[in-house]
Structure formats: C-alpha cells, structure tokens
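Asker: Residue numbers (UniProt numbering): 1 to 151.
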C-alpha cells in the first residue's frame, strides 16, 4: 500500500531484509516478536495501520489518516491479502484481467461500475471487507472473521 520495497521497509524497521523475508514466509516458526514490533512501528511511521483481529472481524490494514481514497483504491490490496494474481481474480469473478488492472491503477479516467461491483462481491465472498474512511482513519481492507489471508 505504501509502495516501499522490502529493502526500504527493512531499513525503516531497522532489521535486515532477510529477517523481513522470514517474517513473510507462511511456513515460518514463531516470528521474532521484536522484529514484528519494529515492522509495525515502521509501517505506522510511514502512514499505515495494521488492524488487529477482533471478536467479530479478522486482521486488516488501512491508511493512518483520511486521504479521500475510495474503496476501489484498495482493490489491489484486497487481492494481495488473498494472494490472488490478476488471472486468479479474473477467473473467480468473470471480470477480464485487463479491466481489473485498469481499476487498480491510481490514475483512472473512470470506473467500470459493473465490473467494480462484481469484484467487490467476489472479494467479499472470499472473505475481504473494504473499510471506508472515518473521521480520523483512512480507507483499508480487512478479512471477515473466520477467514485467513493464507487460506
């Protein structure tokens, strides 16, 4: 969401890139708590908030401050949360991969409402909720309760 490379994020978190890569591995052992705290702090300093699991909703991520972004600006991040490629989301939704790629671009001339609506429905079925901006928090995405990012 921030456009940082892994090297940039590792540097901001004051950890090595290899430690960051280890944190991203699905089959990892219990991660180093200090490294996780440092990454979380780095993300917050860069303007991103990790949303914790609650009794009713799953994990997520959102911008730390309102920025005027619409839900469709979080489409790529919702797809990434599910670890879907453009082709996989296209197959699941019936929306052409090039239409999805155009919707994910920051500089859109217009939004194909029918395609955007279909993508939102499919992502919801797969467990993703789009978070609207609030008075003091920006837009974002999170998983519904009972869904996991790696499933």
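Backbone N, C-alpha and C fix where the C-beta goes; we use that ideal spot for every residue, glycine too.
Please return the same chain residues whose Cβ sits closer than 7 Å to the Cβ of residue 151, not counting the five positions on each side in sequence.
Answerer: Annotation note: pLDDT 47 at residue 151 (below 50); position unreliable, no value reported.
Asker: Contact check, residue 131 vs residue 60 under 8 Å by CB: the rounded distance?
Answerer: Right, their Cβ atoms sit about 7 Å apart.
Asker: Are residue 46 and residue 2 close, meaning C-beta to C-beta below 9 Å?
Answerer: In contact: residue 46 and residue 2 (Cβ atoms closer than 9 Å).
Asker: Applying the criterion that 16 or more other CB atoms from any shown protein chain within 10 Å of the CB defines a buried residue, is residue 37 buried or exposed?
Answerer: Burial call: exposed.
Asker: So what's residue 95 in DSSP terms, helix, strand or just coil?
Answerer: Note: residue 95 maps to coil in three-state DSSP.
Asker: Please report the residue range of the beta strand (DSSP E) in which residue 22 lies.
Answerer: Note, residue 22: premise wrong, no beta strand (DSSP E); alpha helix (DSSP H) at 17 to 24.
Asker: Thinking C-beta only, is residue 139 closer than 9 Å to residue 67?
Answerer: Contact flag set, yes.
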